[in-house]
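The next block holds one structure in the form of structure tokens; read it before the comments.
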């Protein structure tokens, strides 16, 4: 649940624009999710129409803002989706399109950063709003959050954690490099490696995670070790208060967290590893983050504070 | 030169407490360094006495604050030096010691973070006050600066970039790990590796940097490649506006910057490398950063803003 900043009343509409489905919600000041809608995502202009239609259907007279979470390369400052492969969007001025249609303030945040904001807001008492969120799905992405705000980067491309090289000269990655984390620890890579090594060709990454087949155990452990190495590098540089694992692979629960934490600690000889835990918001994190950013924008309009620097509101589970 | 925030008058005293020498300065509102003092550093209580004595000698009736930059593990919020091996300090409440003695506001910042603040303030027009500063000296340290503020980390240990593993299973590092960046790219490691491989045993890292001996070229290139790999990992995660190289090895100039930039680009198949440049402030960076933090504290006392969140004042060369 998302709690609005003090002094903000009404509702926000939040939509997580995923490659598979659009997840929309209307959330109230008290943090209650009042209404949710989920539809399969189309592509290109169809997906834009779906976003508009979803926002219209969820918005009401007391809606104060709309928050969108979008995958890919997102320029939040200008509200432009520079590139979203799964949606077929390139240089799409999504904020202005939706704002013109609905006559409301609209925020656009990249989905991983939105999720990171939501997790950090939820975790504020524990980790001071600072953490490293790693999303382990078909690919591997991440966001670094400091004091509640995600690192966007100079070219809006921060968080490409899947392309940290963990095995110099190792497996070829789709990005053109060798030895990327993603070549070992994404759901797609884990399944591919298990199949290529002679494992059951119908097994998914989720099944490999819980299998006791020695081959599955080995592929899973190699994924955990690559993750541990990449996380060790991020830990010595950034000293995060917490590492949060999200995405499809996180459904493996302790079968993921325990070996990753062990591997991380083994690769940090001289300091304790930070706590590693599962995402608390799971598949709702992107939408919760979109709502959070929208609340911030609404609060900023009310108080004149710039949205990006508004203290993040509290999120409760 | 350090320019004070608007509305701050007077002088600050800034001291960079190095393991080799204490570098003190008195700087004016306009940014002018009015007076400098440098003395060889003692150890333990002697070094504390030297800091007090240096501050007393530089302070005057219009001094508004004292800024100290200290190596090691520094808790800036409490003004405590938790551990500084070269100085023989442990859990030293330096801020309160100096404040009690001088009756002035005192700030204590870790030296690499202070340098990063100063470089970022200087670079604000170029890089928006965000950068990765890497100090290549006897060891290898770094700081990540966002919007003018350095990342401190949850346990104040962010920036241990020398212990990013660049060669899994590689050379033993003093920290207990294998393959750390520092085992390849610190001045000490470069010299040790060159000597061990049969190179002239009197050659320093600086001499190896400019040597045309194939063995020297190889050791130097291996250092650049390890650095390139570690920087590539930081780049994909953080997308910094600039990478700034400082410390003793940076005196090699383009002999350092060019191969590091080349290696970084080679290890980033799918994106342009951020610009890599030398520190603009060189050995004055720690002191300039200490002055900057002291000016911020003085401004914050004047305006009631918390020091850590005061926009960093402009720094000119």
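Protein chains in written order, with the working numbering: chain A, 51 to 367; chain B, 51 to 367. Built from N, CA and C at the ideal position, the CB exists for glycine as well.
### Query
Do residue 206(A) and residue 160(A) have their C-beta atoms closer together than 9 Å?
For the purposes of this step, residue 206(A) is identified with residue 156 of the first chain, where counting begins at 1. For the purposes of this step, residue 160(A) is identified with residue 110 of the first chain, where counting begins at 1. Their beta carbons are under 9 Å apart, which means residue 206(A) touches residue 160(A) by this criterion.
### Task
Measuring only between beta-carbons, confirm whether residue 161(A) sits less than 9 Å from chain B.
On the first chain, position 111 is the one that residue 161(A) refers to. So no, residue 161(A) is outside the interface.
#### Entry: 6 Å Cβ shell around residue 245(B) - same chain, five flanking residues per side excluded
Within the second chain, numbered from 1, the residue matching residue 245(B) stands at position 195. Excluding sequence neighbours, residue 245(B) sits near 251.
### Query
Under 9 Å between the Cβ atoms of residue 139(B) and residue 120(B)?
Start at 1 with the first residue of the second chain, and residue 139(B) comes out as number 89. Start at 1 with the first residue of the second chain, and residue 120(B) comes out as number 70. For residue 139(B) and residue 120(B), yes; Cβs fall inside 9 Å.
### Query
When you compare each of 219(B), 235(B), 213(B) and 184(B) to residue 225(B) by their alpha carbons, which one comes out closest?
On the second chain, residue 225(B) is found 175 positions in, with the first residue counted as 1. When each option's Cα is compared against that of residue 225(B), the closest is 213(B).
#### Entry: Beta-carbon proximity check, residue 255(B) vs residue 238(B), cutoff 9 Å
Position 205 of the second chain, counting from 1, holds the residue named residue 255(B). Position 188 of the second chain, counting from 1, holds the residue named residue 238(B). Taking 9 Å as the cut-off, the Cβ atoms of residue 255(B) and residue 238(B) count as close.
### Message
Taking the beta strand (DSSP E) that residue 106(A) belongs to, which residues open and close that run?
### Response
Here the question's residue 106(A) lines up with position 56 in the first chain. No beta strand (DSSP E) holds residue 106(A); the alpha helix (DSSP H) holding it covers 95–108.
#### Entry: Cα-Cα separation between residue 362(A) and residue 285(B), rounded to whole angstroms
By 1-based counting over the first chain, the position of residue 362(A) is 312. By 1-based counting over the second chain, the position of residue 285(B) is 235. Unreliable placement is indicated for residue 362(A), whose pLDDT of 37 sits below 50; the coordinate value is still reported in the next sentence. Approximately 26 Å, taken between the alpha carbons.
### Message
Taking the beta carbon of residue 79(B) as the centre, do at least 16 other beta carbons fall within 10 Å, making it buried, or is it exposed?
### Response
For the purposes of this step, residue 79(B) is identified with residue 29 of the second chain, where counting begins at 1. Its Cβ being crowded by 16 or more others within 10 Å, residue 79(B) is buried.
### Query
Taking only beta-carbon atoms, is residue 309(A) less than 9 Å away from chain B?
Numbered from 1 along the first chain, position 259 holds the residue referred to as residue 309(A). No, because no Cβ of chain B sits closer than 9 Å to the Cβ of residue 309(A).
### Query
Which class does residue 243(B) belong to by DSSP, given the choice of helix, strand or coil?
In the second chain, counting from the first residue as 1, residue 243(B) sits at position 193. Residue 243(B): helix per DSSP, three-state reduction.
### Message
9 Å is my cut-off, CB to CB: does residue 206(A) come that close to chain B?
### Response
Translated into positions along the first chain, residue 206(A) becomes position 156. By this cut-off, residue 206(A) is an interface position.
### Task
Check whether the Cβ atoms of residue 62(A) and residue 86(A) lie closer than 9 Å to each other.
In the first chain, the residue the question calls residue 62(A) occupies position 12. In the first chain, the residue the question calls residue 86(A) occupies position 36. Against a cut-off of 9 Å, the Cβ pair of residue 86(A) and residue 62(A) comes out as no contact.
### Task
Compare the C-alpha of residue 323(B) against each of 242(B), 310(B), 334(B) and 145(B) and name the closest.
In the second chain, counting from the first residue as 1, residue 323(B) sits at position 273. Answer by Cα proximity: 310(B).
### Message
Less than 9 Å between CB atoms is the rule here; does residue 326(B) satisfy it with respect to chain A?
### Response
Walking along the second chain from the start, residue 326(B) turns up at place 276. For residue 326(B), the answer is no, since every Cβ of chain A falls outside 9 Å of its Cβ.
### Which of helix, strand or coil DSSP assigns to residue 210(A)
Position 160 of the first chain, counting from 1, holds the residue named residue 210(A). Correct three-state label for residue 210(A): coil.
### Query
Does any C-beta atom of chain A lie closer than 9 Å to the C-beta of residue 350(B)?
Here residue 350(B) refers to the residue found at position 300 when the second chain is read from its first residue. Closer than 9 Å: no.
### Query
Are at least three pairs of beta-carbons, each pair with one atom in the region 188–198 of chain B and one in the region 260–272 of chain A, less than 8 Å apart?
no
### Message
For the region 164–172 of chain B against the region 142–154 of chain B, do three or more pairs of beta-carbon atoms, one drawn from each stretch, fall closer than 8 Å, so that the two count as touching?
### Response
no
### Query
For residue 106(B), does the count of other Cβ atoms within 10 angstroms reach 16, so buried, or fall short, so exposed?
In the second chain, residue 106(B) corresponds to position 56, counting from 1. Exposed, because fewer than 16 other Cβ atoms sit within 10 Å of the Cβ of residue 106(B).
### Message
Counting only Cβ-Cβ distances shorter than 8 Å, please list the residues of the region 293–305 of chain B near chain A, keeping chain order.
### Response
none
### Task
Using 10 angstroms around the beta-carbon of residue 113(A), count the other beta-carbons present and answer buried if the total reaches 16, otherwise exposed.
As a working mapping, residue 113(A) is identified with position 63 in the first chain. Classification for residue 113(A): buried.
### Message
According to DSSP, simplified to helix, strand and coil, what is residue 260(A)?
### Response
In the first chain, the residue the question calls residue 260(A) occupies position 210. Helix.
### Task
Return no unless some Cβ of chain B is closer than 9 Å to the Cβ of residue 188(A).
In the first chain, the residue the question calls residue 188(A) occupies position 138. Output row for residue 188(A): interface = no.
### Task
Could you pull the start and end residues of the beta strand (DSSP E) that residue 160(B) belongs to?
Indexing the second chain from 1 puts residue 160(B) at position 110. Run containing residue 160(B): 156–160, per the beta strand (DSSP E) assignment.
### Query
With a CB to CB cut of under 6 Å and the five nearest residues on each side skipped, what residues in its chain are close to residue 185(B)?
Residue numbering aside, residue 185(B) sits at position 135 when the second chain is read from its first letter. 162, 191, 296 and 297.
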